[in-house]
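2 protein chains.
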Amino acid sequence: MPAGAAPEDKELLKQLAKIGGLHDYVYTSSGELAEKLQVSQQTASRKILELLDAGLIVRRMGTRKQLIRLSPSGVEVLRREYADYRALFQSGEGISVRGRIVAGLGEGRYYIGREGYRKAFGKLLGFDPYPGTLNVEVEPLDREKVAEVKDMDGLMIQEFQAEGRTFGAVKCFRAEIQGVEAAAIFPLRSHHTNVIELISPHFLREKLELADGAEVTVRIEIGQRA
Amino acid sequence: MPAGAAPEDKELLKQLAKIGGLHDYVYTSSGELAEKLQVSQQTASRKILELLDAGLIVRRMGTRKQLIRLSPSGVEVLRREYADYRALFQSGEGISVRGRIVAGLGEGRYYIGREGYRKAFGKLLGFDPYPGTLNVEVEPLDREKVAEVKDMDGLMIQEFQAEGRTFGAVKCFRAEIQGVEAAAIFPLRSHHTNVIELISPHFLREKLELADGAEVTVRIEIGQRA
DNA sequence: ATTACTATAGTGCGAGTAA
DNA sequence: TTTACTCGCACTATAGTAA
Numbered sequence: 001m002p003a004g005a006a007p008e009d010k011e012l013l014k015q016l017a018k019i020g021g022l023h024d025y026v027y028t029s030s031g032e033l034a035e036k037l038q039v040s041q042q043t044a045s046r047k048i049l050e051l052l053d054a055g056l057i058v059r060r061m062g063t064r065k066q067l068i069r070l071s072p073s074g075v076e077v078l079r080r081e082y083a084d085y086r087a088l089f090q091s092g093e094g095i096s097v098r099g100r101i102v103a104g105l106g107e108g109r110y111y112i113g114r115e116g117y118r119k120a121f122g123k124l125l126g127f128d129p130y131p132g133t134l135n136v137e138v139e140p141l142d143r144e145k146v147a148e149v150k151d152m153d154g155l156m157i158q159e160f161q162a163e164g165r166t167f168g169a170v171k172c173f174r175a176e177i178q179g180v181e182a183a184a185i186f187p188l189r190s191h192h193t194n195v196i197e198l199i200s201p202h203f204l205r206e207k208l209e210l211a212d213g214a215e216v217t218v219r220i221e222i223g224q225r226a
Numbered sequence: 001m002p003a004g005a006a007p008e009d010k011e012l013l014k015q016l017a018k019i020g021g022l023h024d025y026v027y028t029s030s031g032e033l034a035e036k037l038q039v040s041q042q043t044a045s046r047k048i049l050e051l052l053d054a055g056l057i058v059r060r061m062g063t064r065k066q067l068i069r070l071s072p073s074g075v076e077v078l079r080r081e082y083a084d085y086r087a088l089f090q091s092g093e094g095i096s097v098r099g100r101i102v103a104g105l106g107e108g109r110y111y112i113g114r115e116g117y118r119k120a121f122g123k124l125l126g127f128d129p130y131p132g133t134l135n136v137e138v139e140p141l142d143r144e145k146v147a148e149v150k151d152m153d154g155l156m157i158q159e160f161q162a163e164g165r166t167f168g169a170v171k172c173f174r175a176e177i178q179g180v181e182a183a184a185i186f187p188l189r190s191h192h193t194n195v196i197e198l199i200s201p202h203f204l205r206e207k208l209e210l211a212d213g214a215e216v217t218v219r220i221e222i223g224q225r226a
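Respectively, the protein sequence lines represent chains X and Z.
Quick note: the first sequence uses our numbering, first residue 1, plus one each step.
Quick note: the second sequence uses our numbering, first residue 1, plus one each step.
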């Protein structure tokens with residue numbers, strides 16, 4: 001569980017992120033990091049080794065200094081931390097993302113057709129979902145927002161067994177598209193942030209007269225509980 | 001400097017905030033907090049005393065348990081932390097707030113008339129400000145956003161001496177109101193978040209034909225440097 | 001220059017317990 | 001029940017230093 005990082009570990013990850021380690025390798029030294037953390041060079045060196053060991057960072061040694069960047073799980077730790085703070089300071093609000101309608105691959109229709117999911121959605125969201133999903137390709141600038149939302153507390157559907165196979169867990173958020181009630185659903189397995197899948201009691205595509213490529217705004221509610 | 005809190009201190013503040021200690025007293029015990037922090041009751045108790053000593057929380061003892069809430073500087077610590085994360089994950093973006101035009105008290109006009117400020121604004125922002133400010137009363141739901149912005153890195157005007165008195169430091173952010181270039185200015189002394197003061201190379205009120213009470217949207221750029 | 005090992009000093013943890 | 005003290009012990013930080 002990457003969320004279980006100690007506060008000091010998060011601090012070092014944060015400092016690394018601040019100098020660019022989120023997106024790429026940064027050229028730095030244990031001495032430099034020691035200053036930022038207000039500890040000795042030796043301690044910084046040891047902390048680096050600990051984070052390496054925990055798989056939260058990756059590095060390549062230089063002849064002097066070293067190249068360090070956060071690993072995906074290191075990024076995840078910071079993202080979760082960020083989600084915590086967002087929830088604290090802007091609970092009850094929502095975020096809006098813009099995007100355009102794209103054709104799905106029919107998977108949404110398949111999954112939502114399974115009784116396990118349909119019943120779970122009904123119980124969780126209070127509506128019987130139309131048997132299909134509306135896929136919105138999120139504008140690149142807003143994809144970061146989607147990643148944030150996915151880390152927040154949402155309405156969970158636990159994985160279940162049926163028809164001789166396993167159906168994975170899904171996280172949902174109440175949402176609204178052009179004023180119509182809906183919910184954004186995120187399969188826990190997937191880490192995509194470029195497409196949002198929406199379900200709704202309505203046949204959204206028809207009700208909103210949406211053709212592929214149509215521009216829409218989706219508002220997702222955050223900070224909610226069941 | 002309240003930002004200098006140790007990582008573990010922030011962790012306890014965060015846990016307290018999560019259970020409501022940001023806005024009001026919460027009824028809790030050292031044992032409960034110990035669980036959340038994954039430490040012993042004794043350690044939690046000691047940490048509470050440390051935060052009290054540092055002035056980051058305030059409390060009233062009950063016969064059993066205790067009532068704890070974050071002090072203003074405790075809130076400030078978390079806010080700064082939040083600002084750090086926001087800068088990491090959404091640098092280069094901006095935030096929008098809605099509000100309505102209100103009459104100023106003429107202070108803006110006075111201050112911006114002082115040569116020290118006028119020259120500093122010109123140097124920092126690249127325009128010669130119109131000698132007056134436009135005051136926007138921010139919609140209550142968006143005031144939290146303003147508080148966030150004020151914690152972020154902005155363009156600073158240091159305090160200076162002139163005319164036998166001291167003129168205080170001001171933090172500025174490039175902004176835009178209804179498509180027109182402007183800057184939001186925040187005197188460091190003030191902690192208000194309900195009114196934003198805007199300066200601009202233009203006489204905004206006339207250019208945008210704004211009467212008192214007119215609704216406007218202000219977009220403030222964040223994550224910028226000089 | 002660096003990183004990072006070893007040895008020691010120091011700090012913080014938690015068990016026990018009083019109030 | 002609570003809070004929070006003392007104290008022994010373990011862990012963590014730093015100094016010194018090798019590579």
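Cβ coordinates follow ideal geometry from the N, Cα and C atoms, glycine included.
query: Decide if K206 (chain X) is buried, meaning its Cβ has at least 16 other Cβ atoms within 10 Å, or exposed.; result: A small correction: the amino acid at residue 206 (chain X) is Glu; Lys does not occupy that position in the sequence shown. E206 (chain X) should be labelled exposed.
query: Tell me whether D142 (chain X) is buried or exposed, calling it buried when 16 or more other Cβ atoms sit within 10 Å of its Cβ.; result: buried
query: Can you pull the DSSP bridge partners for F160 (chain X)?; result: X:F167
query: So, helix, strand or coil for V75 (chain X), using DSSP?; result: helix
query: Please give me, in chain order, every unbroken run of the beta strand (DSSP E) with length at least 3 that falls completely inside the region 66-135 of chain X.; result: 66-70 and 94-102
query: Using the Cβ count rule (16 or more neighbours within 10 Å means buried), how would you classify R189 (chain Z)?; result: exposed
query: Take E215 (chain X) as the anchor and find which of X:R98, X:R60 and X:L49 has the nearest alpha-carbon.; result: X:R98
query: Name the residue from Z:A83, Z:G113, Z:E181 and Z:L155 whose alpha carbon lies nearest to the alpha carbon of K123 (chain Z).; result: Z:L155
query: Name the DSSP bridge partner or partners of I220 (chain X)?; result: X:I95 and X:A175
query: Between P2 (chain X) and G55 (chain X), what straight-line distance do the alpha-carbon atoms span, to the nearest angstrom?; result: Any reading at P2 (chain X) must be qualified, since the residue scores a pLDDT of 39, below 50, and its modelled position is unreliable; no value is offered.
query: What is the residue span of the alpha helix (DSSP H) that I48 (chain X) lies within?; result: Q41 to D53
query: What is the C-beta distance between F173 (chain Z) and G116 (chain Z), in whole angstroms, given that I count them as a contact (C-beta under 8 Å)?; result: The pair is not a contact, with the Cβ atoms about 20 Å apart (cut-off 8 Å).
query: Mind checking which residues open and close the beta strand (DSSP E) that includes R60 (chain X)?; result: I57 to M61
query: Apart from the five residues just before and just after F121 (chain X), which ones in its own chain have a Cβ nearer than 6 Å to its Cβ?; result: P129
query: Take Q15 (chain X) as the anchor and find which of Z:R46, Z:A87, Z:L22 and Z:D9 has the nearest alpha-carbon.; result: Z:A87
query: For A182 (chain X), name the three-state secondary structure that DSSP assigns.; result: strand
query: Whole angstroms are fine: how far does the CA of D84 (chain Z) sit from the CA of R219 (chain X)?; result: 25 Å
query: Which residue comes first and which comes last in the alpha helix (DSSP H) that contains L22 (chain X)?; result: No alpha helix (DSSP H) contains L22 (chain X), which DSSP labels as neither H nor E.
query: Could one say the Cβ of F121 (chain Z) lies closer than 8 Å to chain X's Cβ atoms, at least one of them?; result: no
query: Under 8 Å, with one C-beta from each stretch per pair, do the region 193-207 of chain X and the region 134-150 of chain X reach the 3-pair mark?; result: yes
query: Just the C-alpha distance for V170 (chain Z) and G108 (chain Z), rounded to the nearest angstrom, thanks.; result: 12 Å
query: Contact criterion: CB-CB distance below 8 Å. Does P187 (chain Z) meet it with respect to chain X?; result: no
query: Give a yes or no on whether 8 Å exceeds the smallest Cβ distance from P2 (chain X) to chain Z.; result: Its pLDDT being 39, under 50, P2 (chain X) is placed unreliably by the model, and nothing is read from it.
query: For L103 (chain X) versus D212 (chain X), is the C-beta distance shorter than 8 Å?; result: In the sequence on display, residue 103 (chain X) carries Ala and not Leu. Yes; because the gap between Cβ atoms is below 8 Å, this pair is in contact.
query: Which bits of chain X does K14 (chain Z) rub up against, with CB to CB less than 7 Å?; result: D84
query: Apart from the five residues on each side of it in sequence, which residues of its chain come closer than 8 Å, Cβ to Cβ, to V26 (chain Z)?; result: L16, I19, G20, L67, I68 and R69
query: With a cut-off of 8 Å, does the C-beta of F127 (chain Z) fall near any C-beta of chain X?; result: no
query: Using the C-alpha atoms, what's the distance from E8 (chain X) back to Q38 (chain Z)?; result: 14 Å
query: In the structure shown, what three-state DSSP assignment does P187 (chain X) receive?; result: strand
query: Alpha carbon to alpha carbon, what distance is there between D151 (chain X) and E144 (chain X)?; result: 11 Å
query: In chain Z, which residues lie with their C-beta within 8 Å of the C-beta of K10 (chain X)?; result: P7
query: Rounded to a whole number of angstroms, what is the C-alpha to C-alpha distance between H191 (chain Z) and I185 (chain Z)?; result: 12 Å
query: Shortest alpha-carbon distance to D153 (chain X) belongs to which of X:G126, X:I222 and X:Y111?; result: X:I222
query: Assuming the contact rule is C-beta atoms closer than 8 Å, I112 (chain X) and P131 (chain X) should be a hit. Round their C-beta distance to whole Å, please.; result: 6 Å
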